[in-house]
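As numbered in our numbering, residues 660 to 1017 make up the sequence shown, in order.
By construction, the Cβ of each residue, glycine as well, lies at the ideal position given by its N, Cα and C atoms.
Here the structure is a predicted model, which means the values were calculated and not measured.
I have placed the structure first, in the form of structure tokens, so that the comments after it can refer back to it.
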Amino acid sequence: MRPGKGRSNVALERIIISAIIPCLTAGAAHAGTELWVIDEAVSSVAAQYESSVDTSGTLIGDWDQEANPEGTQTRPGFIGGSGNNPVDLSVDQFTNVNGDFQPVGGFGLNIDTDLQLISIEGLTLEMAEGDSISMDLTAVMLFETFRSITPDSLYIGGIELPLPLGSGELTSWSLVMDGVSSGLMVESGKPGTWMFAVPATMVVSAGGTVQGAPVELPPLPLPVLINGTYTELGDDRIVLLDFSEQASETQEFDPPIELPDVPLELPTIIPPGSFAGVILSMVTNSAGILVGADAQITARPDVQDVPGDVTGDGHVGVDDLLLVISSWGFCPGCDADINGDDYVGVDELLVVLQYWGN
């Protein structure tokens, strides 16, 4: 008994405890969503992003009888004929991103092993600051054979010509769950381990630089099936998540999108050493995007210092209440002595009740 504390006060404390225990223990086995954090050291994400743009059109010499009589003329074929005539061609542009990173982030988890229900919300996988993934931009040009006049040269067509457009890096990449995903858990046959699978939609966003200029990839939805296991052995709890999915979309433009004419200086092929002035006229016929992710995630509870959490499990609930009750009275140095006065009593009880469910 605390020095100076009367028997009537002790009796009052016990009456209070006996009155509130049935109310608190009736429905407190599971107290809502719990924050879990990703173990970056043993988690990984393989990111994939590809885009393609299909264009077609013509190129023609910049010769003009009045404005540019010394300009280049183009003539389809090996012989070429006469005059300044357009040459058919196509240009396909590609963006390619493939790389791995160790993700940081977390999610909210609500598990009821009695009902075998699970829900995941706010799952976020982000590239850590300072990491990056390389990005390459290329184009493939295909044209028919033609000759140029002034300068005289032969351009052999029918062969895809790769044209590097530049390179860059993505310095941010994130996958963020849209909404809440729920499912059923089944016992795996191993003690304290359940398996589950929940469908979800992850929104993929990324940004970085290309040739020093900033670039942002548009947010894209990625439907996934998250497979996982939940293991609970004593105080040790762990969740393993994995998914591997791709999503693609192609849009055809009818009518095609006209692009501004572009003047170019083409290096001569046969013979080399000079440049032919041409004007490129193109339209965009279609565009496609593919996004994918292969994730292997390990996560653990985010145990924080919560007032009233005398058990140290990051949650204030029945276990904390029972520890306060079992430690009731003079108890120097014990975990349940929240205010540090070497006595566990009503003060500790009120703190547990104030932060109940946190």
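Asked	Found
Span of the alpha helix (DSSP H) around VAL975	Counting along the chain, VAL975 falls outside any alpha helix (DSSP H), and DSSP gives it neither H nor E.
GLY999 versus LEU982: straight-line alpha-carbon distance, rounded	15 Å
Closest by C-alpha distance to GLN870, when choosing among PRO850, VAL835 and LEU824	LEU824
ILE885, DSSP secondary structure in three states	strand
Spatial distance of THR809 from ASP723 (CA atoms)	12 Å
CB of ASP698 within 8 Å of CB of ARG959, strictly	yes
Three-state secondary structure (DSSP) of ILE808	strand
CB of ASP920 within 8 Å of CB of ILE938, strictly	yes
Within 8 Å, strictly: CB atoms of VAL977 and GLY967	no
Cβ-based neighbour list, ALA872, same chain, cut-off 7 Å, excluding 5 preceding and 5 following	none
Burial state of ALA706 (16 or more Cβ within 10 Å)	buried
Contact between the stretch 751-762 and the stretch 706-716 (3+ Cβ pairs under 8 Å)	yes
C-alpha distance - ALA946 paired with GLN955, whole-angstrom precision	31 Å
Through-space distance from ASP979 to ASN769, alpha-carbon basis	20 Å
Host beta strand (DSSP E) of VAL969 (start-end)	Here VAL969 belongs to no beta strand (DSSP E), and DSSP marks it neither H nor E.
Whether ASP747 touches GLU803 by CB criterion (8 Å)	yes
Beta-carbon proximity list for CYS875, same chain, < 6 Å, skipping 5 on both sides	It is worth fixing the name first, because residue 875 is Glu in this sequence and not Cys. These residues qualify, in order along the chain: GLY866.
Paired residues, beta bridge with GLN707 - DSSP	ASN757 and GLY951
C-beta atoms of ALA935 and SER807 nearer than 8 Å	yes
Simplified DSSP assignment, three categories, for SER831	strand
Coarse secondary structure for SER985, derived from DSSP in three states	helix
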